[in-house]
Each structure stands twice: as C-alpha cells, then as structure tokens.
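> Chains as they are written, first to last, in my numbering: chain A, 144 to 532; chain B, 102 to 338.
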Amino acid sequence: MTAQAPITAGIDGAMPIGGGTWRFPANRPLRLDSGATLAPLEIAYKTYGALNEAKTNAVLVCHALTGDQHLASTHPVTGKPGWWDRFVGPGRPLDPQRHFIICTNVVGGCMGTTGPASTDPATGAPYGLKFPVITIADMVRAQAMLIEDLGIETLFAAVGGSMGGMQVLQWAADYPEKLFSAVVIAAAARHSAQNIAFHEVGRQAIMADPNWMSGAYLSAGVRPEKGLAVARMAAHITYLSEQALQRKFGRELQRDGLSWGFDADFQVESYLRHQGTSFVDRFDANSYLYITRALDYFDLAGRYGGVLAEAFMKARHVKFCVLSFSSDWLYPTPESRDVVRALNGAGCRASFAEIQTDKGHDAFFLDEPLLDQTLKGFLHAQAQARGLA
Amino acid sequence: MTAIGPSGVREDFAEILKLVRPNARVLDIGCEDGALLELLTREKNVDGQGLEISPEGVAACLARGLAVVQGDGDRDLDHFPSRAFDYAILSKTLQQMREPRHVLSELLRVADQAVVSVPNFGHWKVRWALLSRGRMPETGALPEPWYSTPNIHLCTLRDFVSLCDALELRIDACASLAEGKPARPIDPRQPIENWRAETALFLLSRKTEPLPAAVPQQNLFGEVELPKAEAPKPRRR
C-alpha cells in the first residue's frame, strides 16, 4: 500500500465527536485471523466528552456479547438508557468532563458495524453465512483502526466486562504500546468447555428455527425469532446466580394456582420468556452465531504456546485492574486469578479484587457500590499518574 | 503493635524504610491498606506490588494508586516468578501462615532479600507468663487469648534463626522492636536477645547468592541519615 488512504467522512457526516459510523475505504480492509479480509469496513461508535489537546484522556469501553456502542445514551431500538449509563457521568468512574470515552459496536455486531446483516458488496445482498468467521482479536484490530483515525496514539484506559474484558486482554497482548491502563471485569483468558457448551445450545436453538433458513432469512424477509429467544433464555440463566434467581423469583407463580398446562406458571418462566422476546427486537440471530463463535475461539494463550504470561510480556508498563464477582459462575473468580497470575508472571503490575455479591455475572451492569468505588479509585489514581487529575 | 514514632510513621515502617534501597521492586505480603507501600513509594520511589486478603484493604490500596492483588501469602506467592522483586516484605504475619517454612523459602525465591518481622515467643514476659501462671501468654506483641489468636505458628528468636540456617538463609541485619522504644540493632544469635527482644525484624538473603547491593551496613538501624529518595545521579564528565 502506498500512502495511507485519506480519512473519509463518516456516513452521517458528523465526525469525530459524538459518534456515528466510520467507513474505511476498500483499500483499508480489516485483516482477519482466519486469513480472510473484510472490506469495506464500517464501525458504528459513540463518544462522550472531549479529547484533550495532548490526546491523553481517551478511554475505550469494550462491550459484552449482546451490548453495543450505546454505552450511556438512549438505545435507538429499545428506548432504554445505555447499558452502562450508571457508570458514566460527572463524579462517576467514567466522567465525560475528564475522559474522552469511546465505545464501538464490535465487528460482527448488528448495531451499525459491519456484520452478517450488512450488505455483501459482492452480491448486493446481506452477508448471512458468507460473512467470515471473526475473533476477539479481529474486533480489537478494528477498534485499533478507528482509534488511529481518531488521532489517538495511546488510550488512557481500555475498560470492559465479560467479552469486553476479553477484548481488553487482547489489546494488552496485541497493542500494549497503545495502552496506559487496562480494566478487565468478570472475564477470562479463554472460553471453558462449559462456556462453549452453553453457546452451542444457543446456536443450535437458532439453527433449529425453520425461519433461520441456513442463515439467509433476511433475504427471505423473515427472522428466526423463536430460536434466538431460546438462545437468549439459556444464556440469561448463566448471567444470574442461583441465589439471585431464588431471591427474585423463588417458586412464585404468575397467577393463583397452576394452569395444569405449559403456560408460564412460574414467575421465573415468564421472566425468561420476556428476556427472550425483548431480545429479538434488538439483535440479529446471525450476529449471535458469529459473536458466540468468536468467544468460543478465544484462547489468549493459544498463540503463545499455551503460556498466558507470554501474552503480556510487552505490557509491563500497563497498569492492570482485574475484577471478578464471587457469585459469577460464567467466568468464575479462578479464571480472573489465572489472568492475574499470568500478569504477575510477566512482570506486570496488576491489581485484583473479588467483589462479594450474589448477583452473578450480570453484577457488572447492576448497582454494585464496591465495583464503582474500586474502579473509581483505580482510574483516579491512574489519571494522577498520567497527569490528568 | 502500631506505635507511631516521632516522625509520625509507624516504628516498624520507619525501620523497614531504612532497609529498602531507592527504586527497588518491592512485594508487600499482607499490605493491609497500603500505608507501608505508599510510604516506600513516596520516600524511596519503589515499584511496589501488594498482596492483601481483605476487600477493604484492596479497595484502599487501589484508591492510593497501588498495585494490589487480593490473595494471601500461603497460596499466592507460588505464582510470582523467581527473583521478580528486590525485596519481599512480610510484617508480623509469618506466624499466622499455615506453612511458614514454605512461605519463608518462597519469599527468597521471589525476591533477592526478605524483610520479615516475627514476635519472639522466647521474650521474658512470655516465659514468665507461662512459668508463673501456667497460662498462654497475652502480651503487647501477642495480645489475643489462645482460642482467638491468628498466631498459629509461634517461634522463639532461636527457632527462627535455626530455620534460617536450615533454609540456608543469611541474616543481613536484625533489630529488636518494642512498643514505644526505638529500634535496637541486635545479634539474634546472642542467647540474651532471645530473652530481651519482643519482636525481631530481619533482613534476609540466600547464602547461595552474594550479598545483594544493599544500603551500606552502617546505616542499618543506626542513627545515620536516610539516603535520599532519588537514585544517585550519574556523575557528569
């Protein structure tokens, strides 16, 4: 490639502050781990706050499996507040008055970034299953392209929970020179057999739906809503702890008495059905297949001969904060400890805390004062170290 | 246990501060709220890492900008690479470990030198309490009754010195600490010190290694002025 292609304007013209959709020209494809390339690449993103003159206050927030770029702004489909709204604002851990906060929709997603529902330039129809299989590293590579175009050399922090935390770990392995600090919440360095097993149930539910049509449902004008809803229901159970489910629902019934049939008699059934049906309004079934696959393929140590510490050898200058939740059985505390041990083994300065809560994996979205306090303390101290506070 | 000296610094911390050379890599096991690590960072510009079991302690360390891992010395030292630190500090908690011998040898695997303080069960007050009343002693250094004390592996100064010998550890320095009194450099092999020292602070290294470049010996526990926080600047030609 000769001189770098000029930055094109975002599709909606408003750029770069606030967000929009950033389109990379066809001569700047995204090179994927599978060997394939993706072009043209579009990244939908949101920003909050302003980049300072020295460009030292940028924070990248990486979203989880079914999250998106609407970190702290009203979701355009559901009308609900952003998924981490309670974390962003004056006096909160992420403060637009001090940080320039960036959140991108991941590659393979369905909220504006190129994914299986996007138009395949080769056919003019939605990609469907012609979309290449993507990885967590591919998502991160795309984010790095956007960060570069925003003129940011070093992120003050990369922050993420669950799959977002895995992206942060991948950032530390692939772009350590672009990181000042890293926050990894309720994540793991690889997907376990149990993680893969639950995802496989979800994928099979989608593919068993006749409306899935081998992935070509968009061209046929239908959607595999039933299958996607079941996938979401199964996954949702893994986001909650046994205690949280018991506390919320117990054996409470929806109505007086049993129906002696298969209606949602129990409140927990009704809750899960609602989780399933509301999810299909905002999520694409093929995106769900591709992103769960990316998670299942995730094994950060794989590229380093199985030695996780090797992944962090170039990240010794990065300050890490790793947090887990005591009742999270999706990515349990020992997974986070493994990450911390590898960081220590690589000679990185890492902090780790297990937050006591009965709210399970989803605790990182919820009101968990110790999480806020811990993260605020860490980011404030890092801001001082970077001369921001 | 936490006497504050004239400088406003805990006396054991003030002694540890004297031992640690500037810009060193320090692991503090059982770092509590990070007060010692913060002091060492401020005064000696150390690159510190803490290990602390309580969530409140971890949160306090994070807010101070310190690197801290929630964990304990019994289980989590094994995961640090060898010689990752210049100093490993274990202040008044060796006797609370399930396997003090293993922990002590681990300290000197992960670090070139260890700073360890232990209450002396051979102290005269302890001996007297046992001899005169036939009850487990409750003293300033060992304030809890037997059924609720966290101290499960108590030893005398002599016991500790013989464990150091067994592990082929060299005692680079030793001082006696007592509440409300200035630290006193001692030779821990002198039988009288096994009666006199309430708590002993040791600087240890491996006999198999040459003496690490430490703060000059005469500075240890002496009244000599502390080295400046900055590393000595290279001389200009």
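Where is the CB? At the ideal position from N, CA and C, for every residue including glycine.
Name the one or two DSSP bridge partners that Trp165(A) has.
According to DSSP, which records beta bridges pairwise, Trp165(A) is partnered with Ile186(A).
> Apart from the five residues just before and just after Pro475(A), which ones in its own chain have a Cβ nearer than 8 Å to its Cβ?
Ser467, listed in sequence order.
> Mind pulling the beta strand (DSSP E) runs of 3 or more residues that sit fully within the stretch 451 to 489 of chain A?
For the stretch 451 to 489 of chain A, whole beta strand (DSSP E) runs of length 3 or above, ordered along the chain, are 462 to 468.
> Consult DSSP for Asn146(B) and reduce its assignment to one of helix, strand or coil.
DSSP places Asn146(B) in coil when its eight states are reduced to three.
> For Ser277(B), list the residues DSSP reports as bridge partners.
BP columns for Ser277(B) point to Arg285(B) and Ala301(B).
> Could you check whether Asp129(B) and Gly55(B) sit closer than 8 Å to each other, using their CB atoms as the reference points?
No answer is possible for residue 55(B): the residues shown for chain B start at 102 and end at 338.
> Looking at the secondary structure, which residues open and close the alpha helix (DSSP H) in which Glu196(A) lies?
Where Glu196(A) is concerned, there is no enclosing alpha helix (DSSP H), given that its DSSP letter is neither H nor E.
> Quick one: complete alpha helix (DSSP H) runs, 4+ long, within the stretch 200 to 287 of chain B?
The qualifying runs are 201 to 211, 225 to 229 and 258 to 267.
> Does any residue of chain B bring its CB to less than 8 Å from the CB of Gly520(A)?
It does: the Cβ of Gly520(A) has a partner Cβ on chain B nearer than 8 Å.
> With respect to the alpha helix (DSSP H) encompassing Tyr431(A), which residues constitute its N-terminal and C-terminal limits?
Ala428 to Tyr440 is the span of the alpha helix (DSSP H), which, as asked, contains Tyr431(A).
> Express the C-alpha separation of Asp317(A) and Ala332(A) in angstroms, rounding to a whole number.
Computed Cα separation, rounded: 14 Å.
> Suppose you measure from the CA of Ile349(A) to the CA of Val411(A); what does that come to, to the nearest Å?
For Ile349(A) and Val411(A), the distance between alpha carbons rounds to 22 Å.
> What are the partner residues of Leu498(A), as DSSP defines its beta bridges?
In the sequence as displayed, the identity of residue 498(A) is Ile instead of Leu. Phe468(A).
> With distance defined between alpha-carbon atoms, name the residue in Gly225(A), Leu293(A) and His417(A) nearest to Met376(A).
Answer by Cα proximity: His417(A).
> How long is the line joining the alpha carbons of Ile293(B) and Gln214(B), rounded to whole angstroms?
Distance between the alpha carbons of Ile293(B) and Gln214(B) is about 26 Å.
> Determine the contact status of Ala437(A) and Thr278(A), defining contact as a CB-CB distance below 8 Å.
Yes, the Cβ-Cβ distance between Ala437(A) and Thr278(A) is below 8 Å.
> So who's on the other strand from Phe186(B), going by DSSP bridges?
In DSSP, Phe186(B) forms a bridge with Ala212(B).
> Would you mind telling me which residues of chain B sit closer than 9 Å to Leu531(A), beta carbon to beta carbon, in chain order?
Going along chain B, no residue has its Cβ under 9 Å from Leu531(A), so there is no contact; the nearest lies around 13 Å.
> Please tell me whether Arg484(A) has its Cβ less than 8 Å away from any Cβ of chain B.
Interface residue, yes.
> Three or more beta-carbon pairs under 8 Å between the stretch 416 to 430 of chain A and the stretch 367 to 374 of chain A, yes or no?
Flag = yes, the stretch 416 to 430 of chain A and the stretch 367 to 374 of chain A touch.
> Taking any Cβ of chain B, which residues in the stretch 488 to 507 of chain A have a Cβ under 9 Å from it, in chain order?
Those would be Gly488, Ala489, Gly490, Cys491, Arg492, Ala493, Ser494, Phe495, Ala496, Glu497, Ile498 and Gln499, in chain order.
> Give the single residue among Tyr447(A), Asp408(A) and Lys198(A) whose Cα lies nearest to the Cα of Ile295(A).
For Ile295(A), the nearest C-alpha among the options comes from Lys198(A).
> At a CB-CB cut-off below 8 Å, which residues of chain A make contact with Gly135(B)?
Under the 8 Å cutoff, chain A gives no residues; its nearest Cβ is about 11 Å from Gly135(B).
> If I follow the unbroken alpha helix (DSSP H) through Gln197(B), where does it start and stop?
Looking at the DSSP string, Gln197(B) is not in any alpha helix (DSSP H), and its letter there is neither H nor E.
> Taking the alpha helix (DSSP H) that Ser421(A) falls in, what are its first and last residues?
Its alpha helix (DSSP H) spans residues Gln410 to Arg425.
> Starting from the beta carbon of Gln527(A), find every residue of chain B whose beta carbon is closer than 8 Å, and list them in chain order.
Under the 8 Å cutoff, chain B gives Gly166.
> List, from N- to C-terminal side, the alpha helix (DSSP H) runs of 4 residues or more that fit wholly inside the stretch 360 to 405 of chain A.
The stretch 360 to 405 of chain A contains these whole alpha helix (DSSP H) runs: 360 to 363, 368 to 382 and 385 to 391.
> Would you say Ala185(B) lies against chain A (beta-carbon separation less than 8 Å)?
It does; some Cβ of chain A falls within 8 Å.
> Quick one: any contact between the stretch 507 to 526 of chain A and the stretch 159 to 172 of chain B, if contact means 3 or more CB pairs under 8 Å?
In short, these stretches touch, since the Cβ pair count reaches three.
> What residue does the alpha helix (DSSP H) around Ile277(A) start on, and which one ends it?
No alpha helix (DSSP H) holds Ile277(A); DSSP gives it neither H nor E.
> Taking only the alpha-carbon atoms, compute the straight-line gap between His224(B) and His334(A) and give it to the nearest angstrom.
Taking the straight line from one Cα to the other gives about 55 Å.
> With DSSP as the reference, label Cys240(A) as helix, strand or coil.
The sequence given here has Gln at residue 240(A), not Cys. Gln240(A) falls in the coil class under three-state DSSP.
> If contacts are defined as beta-carbon pairs under 8 Å, then Leu208(B) and Leu231(B) qualify, I think. What distance do you get, rounded to the angstrom?
That belief does not hold up - the Cβ atoms of Leu208(B) and Leu231(B) are roughly 30 Å apart, past 8 Å.
> Please give me, in chain order, every unbroken run of the alpha helix (DSSP H) with length at least 4 that falls completely inside the stretch 120 to 182 of chain B.
Runs found: 136 to 145, 156 to 164 and 174 to 177.
> Output the residue ranges of the alpha helix (DSSP H) runs that lie fully inside the stretch 294 to 344 of chain A and measure 4 residues or longer, sorted by chain position.
Qualifying alpha helix (DSSP H) stretches, in chain order: 306 to 317.
> Starting from Arg174(A), follow its DSSP beta bridges and name the residues at the other end.
For Arg174(A), which the question treats as bridged, DSSP gives the partners Thr180(A).
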